[in-house]
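Q: The opening position of the sequence shown corresponds to residue 6 in the working numbering, with each subsequent residue numbered one higher.
By construction, the Cβ of each residue, glycine as well, lies at the ideal position given by its N, Cα and C atoms.
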Amino acid sequence: MQLTFASYNIHKAVGLDRKRDPERILSVIRELGADIVALQEVDRRFGSRESVLPRQSVEEHGWHIAPLRSRPASIGWHGNAILVRDGIEIAGAEPVDLPRLEPRGAVCAHLRIDGRPLHVVGMHLDLSGLRRLHQIEAVRAHLHDREPAVLLGDFNEWSPRSRCFRAFGDGWTVLAPGRSFPSNRPLAQLDRIVHSPGWSCDDARVHHSALAAIASDHLPVTAKLALTA
């Protein structure tokens, strides 16, 4: 089973030109050719936490949204959402509370592909290194050794040798597709994809295009993973 995973911090659909353009974001997502996409900063921060990507538009682009029983106007939890293409069954999904001072969270989706289970977590971690460590520990505890699993998101981690990555445990692989922030002149590898044992990575990269360079302050990252176990 080979799948393409993507993670994209969409900056509430506000581009470097300071225009909020949901269709532009959806066009960038289409460019990725991904099977499963984790989005960050997909909701407005205050009030009803309304999604900046209209649900109808997302569905018209062929995506299914991992459903959460949260705010009706939102498609995610604390700005995190998971989208899957046709043919992938969403068996369930739930929000994951993370230790934090400011609002942070993650989304865990339980999928089935050709009868095989897959657990996917989309997350946006804290600016503090110690809190990032505790948040990764919380995500691992939530998964409770359920595998195979893939975790994606904006880790807000500048160092490739951060101790927070060791919290994933033995056998887990932290991919660093490349520099993804800021989108117009990438300097930092903030966006990462992590997988449990039993996967091989055929390709991991930052997605560069003229549209992606202006649509958000982050570039999307992708990884082609094949399940070997």
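Return the chain-ordered list of same chain residues with a C-beta closer than 8 Å to the C-beta of R197, the five sequence neighbours on each side being excluded.
A: In the sequence shown, the residue the question calls residue 197 occupies position 192. Same-chain partners within the cutoff: S12, L157, G158, F160, E162, V179, L180, A181, P182, V226.
Q: Taking its Cβ as the centre, do 16 or more other Cβ atoms sit within 10 Å of A234, making it buried, or is it exposed?
A: Position 229 of the sequence shown, counting from 1, holds the residue named residue 234. Exposed.
Q: Where in the stretch 52 to 98 do unbroken runs of the beta strand (DSSP E), each at least 3 residues long, occur, reported from the N-terminal end onward?
A: Here the runs fully enclosed are 86 to 89.
Q: Could you tell me which residues DSSP puts in a beta bridge with P122?
A: Looking up residue 122 in the sequence shown gives position 117. Answer by DSSP bridge pairing, in chain order: R117.
Q: Can you tell me where the beta strand (DSSP E) holding I198 begins and where it ends?
A: By one-based count along the sequence shown, residue 198 stands at place 193. Counting along the chain, the beta strand (DSSP E) containing I198 begins and ends at 196 to 200.
Q: Based on the DSSP output, what are the partners of F186 in its beta bridges?
A: Position 181 of the sequence shown, counted from the first residue, corresponds to residue 186. According to DSSP, F186 bridges with A193.
Q: Could you name the residues that DSSP lists as bridge partners for A154?
A: Residue 154 sits at position 149 when you count from the first residue of the sequence shown. The partner list for A154 (beta bridge, DSSP) reads H124.
Q: Using C-beta distances below 7 Å, list every residue in its chain close to L37, excluding the 5 sequence neighbours before and after it, in chain order.
A: For the purposes of this step, residue 37 is identified with residue 32 of the sequence shown, where counting begins at 1. Counting only Cβ-Cβ distances below 7 Å, and skipping sequence neighbours, we find A11, H212, P225, T227.
Q: Under the assumption that S201 contacts E142 (Cβ atoms under 8 Å), give the Cβ distance between them as a whole number of angstroms.
A: The sequence position of residue 201 within the sequence shown is 196, counting from 1. The sequence position of residue 142 within the sequence shown is 137, counting from 1. Not confirmed; about 16 Å, so no contact.
Q: Which value, in whole angstroms, describes the spacing of the CA atoms of L88 and E65?
A: Along the sequence shown, one-based indexing puts residue 88 at 83. Along the sequence shown, one-based indexing puts residue 65 at 60. One C-alpha to the other measures close to 13 Å.
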